[in-house]
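Protein chains in written order, with the UniProt record's numbering: chain C, 1 to 151; chain R, 1 to 135.
Backbone N, C-alpha and C define an ideal beta-carbon position, used for all residues, glycine too.
Given the structure is predicted, the values throughout are model-derived calculations rather than measurements.
Note sheet for the following structure.
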């Protein structure tokens, strides 16, 4: 967070629209999502005004449940697996990139076979094809409005 | 009394077992009559002696079996230890994190991974999709 002061500032601000986070945290495992969410939910980071932190992974949650949750919640950060986040970005209008400023790719976490998010073919394809591959996302990245961070 | 003390292995060298005698009605009938289970009687004692001898004879073979099993167990344990050591060695080698690289190297790393995600896309198209590094 020290290296990205802008992100810290934005996380502490109130989000304007429903389902439009300033941060997308992409990680490879649902358990990791839960851990990261716990860290991001800390009041020291969000302050009093900061938006909610959404957990977006397919295990135990239906896509429709996530859509209804995102449509009625002002979120500051969304943490999830590339599969579910990609689906929400491409196939629904529940998750918007309008306020997005940072995408963190969790390349530190490795599974039991020592493979990271970008080592596993399935998750790698989802990251580049659905999360980062959309036309709007590509434009925003090239314009420099969204920063990709390797964590 | 001489018979009483004689075991199954104490037969004379020139003794030939008569099949007819061995399968005689008397021997077969003995268990049916209940004499086999009775407390008294020479036959029972003979049987007891014979079974005692059998126990003695079978013990070495059991011990040999145990030895083989214990050897196998030791071998397995050694193999397990070897595997554990290998795993420990593998984990000891800490690979430097990707995140420790410079922004240019990270952009190159991302481009490589992106190319792996799009194997059929041409180099020009990949260059168009490439995530730029920090300016």
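Item: Given a cut-off of 8 Å on the beta-carbon distance, is the pair residue 94 of chain C and residue 88 of chain C in contact?; Value: yes
Item: List, from N- to C-terminal side, the alpha helix (DSSP H) runs of 4 residues or more that fit wholly inside the segment 73–117 of chain C.; Value: 82–90
Item: Would you say residue 127 of chain R faces chain C, with C-beta separation under 8 Å as the test?; Value: no
Item: If you run the structure through DSSP and keep just helix, strand and coil, what is residue 213 of chain R?; Value: It is not possible to answer for residue 213 of chain R, since the shown part of chain R is limited to 1 through 135.
Item: Is it buried or exposed for residue 33 of chain C, if we count other Cβ within 10 angstroms and need 16 for buried?; Value: buried
Item: Measuring straight from C-alpha to C-alpha, what distance separates residue 19 of chain C and residue 13 of chain C?; Value: 15 Å
Item: I want to see whether chain C comes within less than 8 Å of residue 102 of chain R, judged by CB atoms only; does it?; Value: no
Item: What's the gap between the Cα of residue 89 of chain R and the Cα of residue 70 of chain R?; Value: 28 Å
Item: State yes or no: is the beta carbon of residue 125 of chain C nearer than 8 Å to at least one beta carbon in chain R?; Value: yes
Item: Kindly indicate the opening and closing residues of the beta strand (DSSP E) around residue 34 of chain C.; Value: No beta strand (DSSP E) holds residue 34 of chain C; the alpha helix (DSSP H) holding it covers 30–40.
Item: Whole angstroms are fine: how far does the CA of residue 109 of chain R sit from the CA of residue 101 of chain R?; Value: 9 Å
Item: Measure the alpha-carbon distance for residue 137 of chain C versus residue 129 of chain R and round it to whole angstroms.; Value: 11 Å
Item: If we ignore side chains and look at the alpha-carbon of each, how far apart do residue 63 of chain C and residue 84 of chain C end up?; Value: 8 Å
Item: Please list the terminal residues of the continuous beta strand (DSSP E) segment that includes residue 55 of chain C.; Value: 52–56
Item: Could you tell me whether any Cβ in chain R is nearer than 8 Å to the Cβ of residue 142 of chain C?; Value: yes
Item: Give me the DSSP bridge partner(s) of residue 24 of chain C.; Value: C/78 and C/103
Item: Distance check for residue 125 of chain C and residue 124 of chain R, CA to CA, integer angstroms please.; Value: 19 Å
Item: Check distances from the C-beta atoms of the segment 78–91 of chain C to those of chain R and list, in chain order, the residues that come in under 9 Å.; Value: none
Item: Would you give the residue range spanned by the alpha helix (DSSP H) that residue 11 of chain C belongs to?; Value: 5–12
Item: Following the continuous alpha helix (DSSP H) through residue 67 of chain C, name the residue where it begins and the one where it ends.; Value: 63–71
Item: What do you get for residue 21 of chain C, buried or exposed, if any count of 16 or more other CB atoms within 10 angstroms of its CB means buried?; Value: buried
Item: Compare the C-beta of residue 124 of chain R against all C-beta atoms of chain C and say whether one is closer than 8 Å.; Value: no
Item: Short check: CB of residue 77 of chain C to CB of residue 40 of chain C, under 8 Å?; Value: yes
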